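Trainee: Residue numbers (my numbering), protein chains in the order written: chain L, 17 to 203; chain X, 112 to 1109.
The beta-carbon is built from N, C-alpha and C at its ideal position, and this holds for glycine as well.
Keep in mind it's a predicted model, so treat the numbers as computed, not measured.
Structure, rendered in structure tokens:
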């Protein structure tokens, strides 16, 4: 394991942190276990037990328990997030619990990567590339959705009044980071 | 600065902060708060530009964004040059450098003025009439000359060194225009708690109040009310965003509006972190349009001399900027508001020689007040011309109906034909305009979107109307946006005198109409005569008149000219104004920079640049990259002294002799999972999948409904319910969308889910006779022996301790493996395999060698051999069709008459008779060497390379009845003569596939 850890490279390696003192910071997150889970209500209920987080029934909601999160992205789709290294255990537990229930569990630990945007201007910085209304009345804490940031697909999850988590495919990181760095000059 | 031109006091300029600036090299002085226009006027400079077509000397006519004449270039140094700025909108800062345009060698002595004397040649439509013959002259003479003469200002040539910001914004109420109506609307909306954005194109919010000296609002002077109102709005900064210097340039669908904010151009030393401009893309629940009105010029002969301007503009220069635009003014009007200008200017020290009013009588309160102030008023009197060249020297005035004409010496002529509501944004919103017969103006009628107009832009003429309409609109807008109805408000206004009147069309005069120029559209140099000519030549719609004469076109969008042009056309056609119609108002309202539109999307950030996990390694090896979709792919790996050809030849040779490593990470990957996964695959691909064993792979072919090939790729069965599907690099997103579309709309009963895993896996292809030996020492838990893991199989195990999906497959025709590892491990595993490969003498190869290797084997590339009109049969891929399957997407189409015709183009190989000639991809294939013009080609070359392995060139082509022509000699006509080719089977190397199964 230690060997393979040494071989793992984050796509954020070499990227300059984005930080406007007292206003906004964008920082990469550590590796995490991630899965796309697809299934109906019955599958979701079974998965909730196995994963340890109740998969939200309401679309665009996120739920977290004990370091694990489930983001509801569609009527039958959730993004499951857990700590790095928990992958094998999660797969075993969910596949066992859902052996007879139709579902799809797909490992996207390396496809996705994530960063946070925090600070008083977090909403405004994200508004430089995201066409959604990010005002807390329209995009409250706990909301998560697929959206666009400039020309890249991202998943945006509001984790606090001034805190967002952005999940995206790894190859789009330099582009999104570049736009954020440029946009941060405006704060 | 000529102090005599500054008023004693008043104005919003800061007289304690003097500054200097240059115009055409000359140093001038002005004050903070001045615009370039007011600064030049304060120095007695009226000549600011040359007109577009006739190069006539021009001064400014307005004080705002409607300025058609005073277009200048501003040079901010280091390549920061902006042409065609309106001097009335350029805020002065110390050291500003501006220059006039469209003149040579100087503004005062411009050679181009010859056009004015030649003007009989340049009548409306002259392009269409003059440059017809001889035919060749258009390309060689006319067009180059016209292109050189056309256009105004010069574009910057260096890359723009500034950066531009971009924001999306959402609000409950967007208020456009911060004059009294807009301020009242913003205030009312904000009081209800709504999120409000208030934008205004000017540097200060306030609109007409900034030049208002007499009115009181709610018991305080108008400018005090302005201060209080702004303070109230600033106090609500949680919900209210105030954007001065911000033009709303476009009103788009679903209340989406574009705002362009000028952030730093007005600063002498801007913070380099700041963007030059900021684009706001606003989605507003409700919009209040409060864009005011434009004063109309009078169309009289020689109405364009420097020193002739709109009456209210001169009032604004005096009241807001503390500048007298002249010493002795003649005022020509048909509207009461010019009398207010006369009164204010007289108070500011300007001698008013006379007011010539076109109307028979002018007995409203304002004209009476002017008379009471001792101003000489003549009614029933028209202005019929002017004298002077670089500055007006006299006005010609005469009683209407008489031939008499008097020359009145002056250095300033002020004109006022009334007011035109600024309905540009309303029109852009697709609202329907209606003609107000009483006021003789177009005003907003039926709304197409969630908006309302207030104040002068809807034809209201008084301050109290503007305020009360604003209050009501702000309240209404907030309520419609979901907020509790606020309390109704009414303003109390005193000190303003009502003004009415107006005139449309050309002012009557006794001069020869064919010899005078009475300008309608100053920016485009269109005269009353041009418009009449257009109607005589058959242009009966205003849209045709516009295009024939260019009136109302370009950046000006007819702000000052539309109504006069329309009235002249209507009169000439004998129709009512509404019957002639109004032209469409275009975005942008006033020009915006390309930088604002581009925002951050420039250079490397123009589009996402996607790189594979192994990109860094390839770059360090000196790889040349090519763009494939958004991806950067290693094209070839040149060694010192190698060109593309040499590198590719070496890469191909070593792959066939030993082995090569290839980065295949960009191939699309889709995980198809669920109990119905196999059935779903059966329906989406031509091939049968039910019987594919777990651990085996199959080449999959995907058709669209029309039966044409849309994608292909190798598919591995990971478990009974799980397929690992690969797609072409460029087709990844399209294929997933296609699959989702069918799953959701046609096959919702199937229990299967699709997940893109393109970026989950880094893919290292190891191809060549030594491929197995190279990976053997690294792979754990997988028996790589040919019997245990035959060609087209997939295994899960580990490589270097990292989980892998190991495919045995080949796109080269050699023994091959594709090592899939989680992407973050990609580079490390590549390096480990490379280290093993080097021991065997392996090579890293790029996409070009990959293309050659696959072409030698006749493997197609979708999008290269196919063009969306090619069937599996055309490609000789019938074997990939599951004949026993009841259905699959495209199946029915394959039996259409047209798709089974024997003369369809079919994939074949071509060998050039001269084996060293490489054909050109895309070249036509014909029966004869020199077919007569009009002969259809048999097909075209789809791929062509030099094969180092074979020692000759190879090509693939789509040729009509191609398979029946094998052995025939055909031709590929080229500019230097036809190339003879022999048709062969589309496979050039290892026809029995023995190299694959070792």
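Buried or exposed for residue 1008 of chain X, going by 16 or more other Cβ atoms inside 10 Å?
Mentor: By 1-based counting over the second chain, the position of residue 1008 of chain X is 897. Classification for residue 1008 of chain X: exposed.
Trainee: Spell out whether any CB of chain L is found under 8 Å from the CB atom of residue 365 of chain X.
Mentor: As a position in the second chain, residue 365 of chain X is number 254, starting the count at 1. By the rule that beta-carbons nearer than 8 Å mark a contact, residue 365 of chain X does not touch chain L.
Trainee: Going by beta carbon distance, what residues of the same chain come within less than 8 Å of residue 125 of chain X, once the five residues before and after it are set aside?
Mentor: In the second chain, residue 125 of chain X corresponds to position 14, counting from 1. Once the five neighbours on either side are set aside, the close Cβ partners of residue 125 of chain X are 142, 143 and 144.
Trainee: With burial defined as no fewer than 16 other Cβ atoms inside 10 Å of the residue's Cβ, what is the status of residue 680 of chain X: buried or exposed?
Mentor: If you number the second chain from 1, residue 680 of chain X lands on position 569. With 16 or more other Cβ atoms within 10 Å, it is buried.
Trainee: Inspect the beta-carbon positions of residue 779 of chain X and residue 843 of chain X and report whether they are closer than 8 Å.
Mentor: By 1-based counting over the second chain, the position of residue 779 of chain X is 668. By 1-based counting over the second chain, the position of residue 843 of chain X is 732. Yes, these two residues count as a Cβ contact at 8 Å.
Trainee: In whole angstroms, what separates the C-alpha of residue 207 of chain X from that of residue 135 of chain L?
Mentor: Residue 207 of chain X sits at position 96 when you count from the first residue of the second chain. Residue 135 of chain L sits at position 119 when you count from the first residue of the first chain. One C-alpha to the other measures close to 38 Å.
Trainee: Indicate whether at least one CB of chain L lies closer than 8 Å to the CB of residue 1096 of chain X.
Mentor: The residue given as residue 1096 of chain X occupies position 985 in the second chain. No, no contact with chain L.
Trainee: Hey, how far is the Cα of residue 985 of chain X from the Cα of residue 201 of chain L?
Mentor: In the second chain, the residue the question calls residue 985 of chain X occupies position 874. In the first chain, the residue the question calls residue 201 of chain L occupies position 185. Computed Cα separation, rounded: 56 Å.
Trainee: The beta strand (DSSP E) that contains residue 118 of chain X, what's its start and end?
Mentor: Here residue 118 of chain X corresponds to residue number 7 of the second chain, with the count starting at 1. That residue, residue 118 of chain X, is in no beta strand (DSSP E); it is neither H nor E in DSSP.
Trainee: Helix, strand or coil, according to DSSP, for residue 31 of chain L in the structure here?
Mentor: Here residue 31 of chain L corresponds to residue number 15 of the first chain, with the count starting at 1. It is coil, neither helix nor strand.
Trainee: Note down, in chain order, every chain X residue with its Cβ under 8 Å from the Cβ of residue 102 of chain L.
Mentor: Your numbering for residue 102 of chain L matches position 86 in the first chain. Correct list: empty, because the minimum Cβ distance to chain X is about 15 Å.
Trainee: Cα separation between residue 167 of chain L and residue 189 of chain L?
Mentor: Stepping through the first chain from its first residue, residue 167 of chain L is reached at position 151. Stepping through the first chain from its first residue, residue 189 of chain L is reached at position 173. The straight-line gap from Cα to Cα measures roughly 12 Å.
Trainee: Identify whether residue 889 of chain X lies in helix, strand or coil by the three-state DSSP scheme.
Mentor: Residue mapping note: residue 889 of chain X aligns to position 778 of the second chain, counting from 1. Three-state result, residue 889 of chain X: coil.
Trainee: What residue ranges within the region 910 to 987 of chain X form continuous beta strand (DSSP E) runs of no fewer than 3 residues, ordered along the chain?
Mentor: 913 to 919 and 927 to 933
Trainee: Any C-beta of chain X within less than 9 Å: which residues of the region 170 to 195 of chain L qualify?
Mentor: 185, 186, 187, 188, 190, 191, 192, 194 and 195
Trainee: Measuring CB to CB, does residue 814 of chain X end up less than 8 Å from residue 839 of chain X?
Mentor: Translated into positions along the second chain, residue 814 of chain X becomes position 703. Translated into positions along the second chain, residue 839 of chain X becomes position 728. No, the Cβ-Cβ distance between residue 814 of chain X and residue 839 of chain X is not below 8 Å.
Trainee: Measuring only between beta-carbons, confirm whether residue 380 of chain X sits less than 8 Å from chain L.
Mentor: Locating residue 380 of chain X in the second chain gives position 269, counting from the first residue. No, no contact with chain L.
Trainee: Hey, how far is the Cα of residue 1061 of chain X from the Cα of residue 970 of chain X?
Mentor: Within the second chain, residue 1061 of chain X is the residue found at index 950, counting from 1. Within the second chain, residue 970 of chain X is the residue found at index 859, counting from 1. If you take the alpha carbons of residue 1061 of chain X and residue 970 of chain X, they lie about 16 Å apart.
Trainee: Since residue 749 of chain X and residue 934 of chain X should fall inside the 8 Å C-beta cutoff, what is the C-beta to C-beta distance between them, to a whole number of angstroms?
Mentor: Along the second chain, read from residue 1 onward, the residue named residue 749 of chain X stands at position 638. Along the second chain, read from residue 1 onward, the residue named residue 934 of chain X stands at position 823. That belief does not hold up - the Cβ atoms of residue 749 of chain X and residue 934 of chain X are roughly 27 Å apart, past 8 Å.
Trainee: Spatial neighbours of residue 305 of chain X within its chain, please: CB distance less than 6 Å, with the 5 preceding and 5 following residues excluded, ordered by chain position.
Mentor: Looking up residue 305 of chain X in the second chain gives position 194. Excluding residues within five positions, the ones whose Cβ falls inside 6 Å are 283, 284, 589, 592 and 594.
Trainee: Hey, is residue 31 of chain L's beta-carbon within less than 8 Å of any beta-carbon in chain X?
Mentor: For the purposes of this step, residue 31 of chain L is taken as the residue at position 15 of the first chain. No - not a single Cβ of chain X is within 8 Å of the one on residue 31 of chain L.
Trainee: Does the distance from the CB of residue 584 of chain X to the CB of residue 600 of chain X come in under 8 Å?
Mentor: To locate residue 584 of chain X, count along the second chain from 1; it is residue 473. To locate residue 600 of chain X, count along the second chain from 1; it is residue 489. For residue 584 of chain X and residue 600 of chain X, no; Cβs fall outside 8 Å.
Trainee: Just reading off the alpha helix (DSSP H) that residue 106 of chain L is part of, what are its end residues?
Mentor: Numbered from its first residue, the first chain carries residue 106 of chain L at position 90. Note, residue 106 of chain L: alpha helix (DSSP H), 103 to 113.
Trainee: Compile a chain-ordered list of the residues in the region 858 to 874 of chain X whose CB is closer than 9 Å to at least one CB of chain L.
Mentor: Going along the region 858 to 874 of chain X in chain order, one finds 862, 863, 864, 865, 866, 867, 868, 869, 870, 871, 872 and 873 with a Cβ nearer than 9 Å to chain L.
Trainee: Mark residue 856 of chain X as exposed unless 16 or more other C-beta atoms lie within 10 angstroms of its C-beta, in which case mark it buried.
Mentor: Working through the second chain from its first residue, we reach residue 856 of chain X at position 745. Burial call: exposed.
Trainee: Would you grab the beta carbon distance between residue 556 of chain X and residue 545 of chain X for me? Rounded to a whole angstrom, and I think it's under 8 Å.
Mentor: Your numbering for residue 556 of chain X matches position 445 in the second chain. Your numbering for residue 545 of chain X matches position 434 in the second chain. The pair is a contact, with the Cβ atoms about 4 Å apart (cut-off 8 Å).
Trainee: For residue 127 of chain L versus residue 1016 of chain X, is the C-beta distance shorter than 8 Å?
Mentor: By one-based count along the first chain, residue 127 of chain L stands at place 111. By one-based count along the second chain, residue 1016 of chain X stands at place 905. No. Outside cutoff.
Trainee: Can you tell me which of the three DSSP states residue 203 of chain L falls into?
Mentor: Position 187 of the first chain holds residue 203 of chain L. In this structure, residue 203 of chain L counts as coil in the three-state DSSP scheme.
Trainee: What are the uninterrupted segments assigned as alpha helix (DSSP H) that are 4 or more residues long and contained completely in the region 823 to 862 of chain X, given in chain order?
Mentor: 843 to 856
Trainee: Would you tell me roughly how many angstroms separate the C-alpha atoms of residue 654 of chain X and residue 345 of chain X, rounded to the nearest one?
Mentor: Counted from its first residue, the second chain places residue 654 of chain X at position 543. Counted from its first residue, the second chain places residue 345 of chain X at position 234. Those two C-alpha atoms are separated by around 44 Å.
Trainee: Can a CB atom of chain L be found closer than 8 Å to the CB of residue 568 of chain X?
Mentor: Along the second chain, read from residue 1 onward, the residue named residue 568 of chain X stands at position 457. No, its Cβ sits nowhere closer than 8 Å to a Cβ of chain L.
Trainee: For residue 525 of chain X, which residues does DSSP report across the bridge?
Mentor: Looking up residue 525 of chain X in the second chain gives position 414. DSSP, once it has assigned bridges, lists X:420 and X:442 as partnering residue 525 of chain X.
Trainee: Please report how far the alpha carbon of residue 775 of chain X lies from the alpha carbon of residue 874 of chain X, in whole angstroms.
Mentor: For the purposes of this step, residue 775 of chain X is identified with residue 664 of the second chain, where counting begins at 1. For the purposes of this step, residue 874 of chain X is identified with residue 763 of the second chain, where counting begins at 1. Whole-angstrom Cα-Cα distance: 5 Å.
Trainee: Please list the terminal residues of the continuous beta strand (DSSP E) segment that includes residue 463 of chain X.
Mentor: For the purposes of this step, residue 463 of chain X is taken as the residue at position 352 of the second chain. Taken as a continuous stretch (DSSP letters only), the beta strand (DSSP E) holding residue 463 of chain X covers 462 to 468.
Trainee: Check this for me: beta carbons of residue 1054 of chain X and residue 1032 of chain X, under 8 Å apart or not?
Mentor: The residue you call residue 1054 of chain X lines up with position 943 of the second chain. The residue you call residue 1032 of chain X lines up with position 921 of the second chain. A contact, by the Cβ cut-off of 8 Å.
Trainee: So, residue 186 of chain L versus residue 938 of chain X, is the Cβ gap smaller than 8 Å?
Mentor: Residue 186 of chain L sits at position 170 when you count from the first residue of the first chain. Residue 938 of chain X sits at position 827 when you count from the first residue of the second chain. Against a cut-off of 8 Å, the Cβ pair of residue 938 of chain X and residue 186 of chain L comes out as no contact.
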